[in-house]
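> Numbering (our numbering), first residue to last: 40 to 195. By construction, the Cβ of each residue, glycine as well, lies at the ideal position given by its N, Cα and C atoms. Could you have a look at this structure, given as structure tokens, before my questions?
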């Protein structure tokens, strides 16, 4: 049994109410509701058998034709198991919003700020969502699929 298969089996057993599967690369992945999001990542981080203590990546994805067009993908790493897993959650509303993970992982601070800049997803409870990459007065989000190919004019 591969390490990723063993990890998938372990996560499936520990989270029987979630539909864990592997992505094309074999990474254990689960889509959770907004209501399950914080509880799921908290358990992945704090459960002594799991200890996903490293937030490796957090980013947004824009699916403009979907009813909830924004998704956040979080990739976590456990040195205890060892292994990685991904959590996907749809951000609802306009602007789209999710709870911040900055209280659990310091790395989430920067990832959430970048995702807010690029996609316009708000992270509720984030300590400082000030622009990280864009000008302070930017009213656009360049990684949205509806961003004009020709770009926008630079602020004066």
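Grab me the residues of residue 56's own chain with a C-beta within less than 7 Å of its C-beta, minus the 5 sequence neighbours each way, in chain order.
none
> Rounding to the nearest angstrom, what Cα-Cα distance links residue 110 and residue 50 in this structure?
So the two alpha carbons sit approximately 22 Å from each other.
> Report the rounded CA-to-CA distance for residue 176 versus residue 163, giving the unit in angstroms.
20 Å
> When you compare the CB positions of residue 122 and residue 43, do they come within less than 8 Å of one another, or not?
yes
> For residue 102 and residue 185, what's the separation of their Cα atoms in angstroms?
Within the model, the alpha-carbon separation for residue 102 versus residue 185 is close to 10 Å.
> Do you know offhand how far residue 45's Cα is from residue 173's?
Their backbone Cα atoms lie some 42 Å apart in a straight line.
> Looking only at DSSP bridge pairs, what is residue 138 linked to?
163
> Using the C-alpha atoms, what's the distance from residue 93 back to residue 120?
12 Å
> Since residue 124 and residue 68 are thought to touch, with beta carbons under 8 Å apart, how far apart are those beta carbons, to the nearest angstrom?
Going by Cβ atoms, the distance from residue 124 to residue 68 rounds to 7 Å, so yes, they are a contact pair.
> Is the beta carbon of residue 139 closer than 8 Å to that of residue 180?
no
> In whole angstroms, give me the CA-to-CA distance for residue 87 and residue 189.
50 Å
> Which partner residues does residue 60 have in the DSSP bridge list?
In the DSSP output, where bridge partners are listed per residue, residue 60 has 68.
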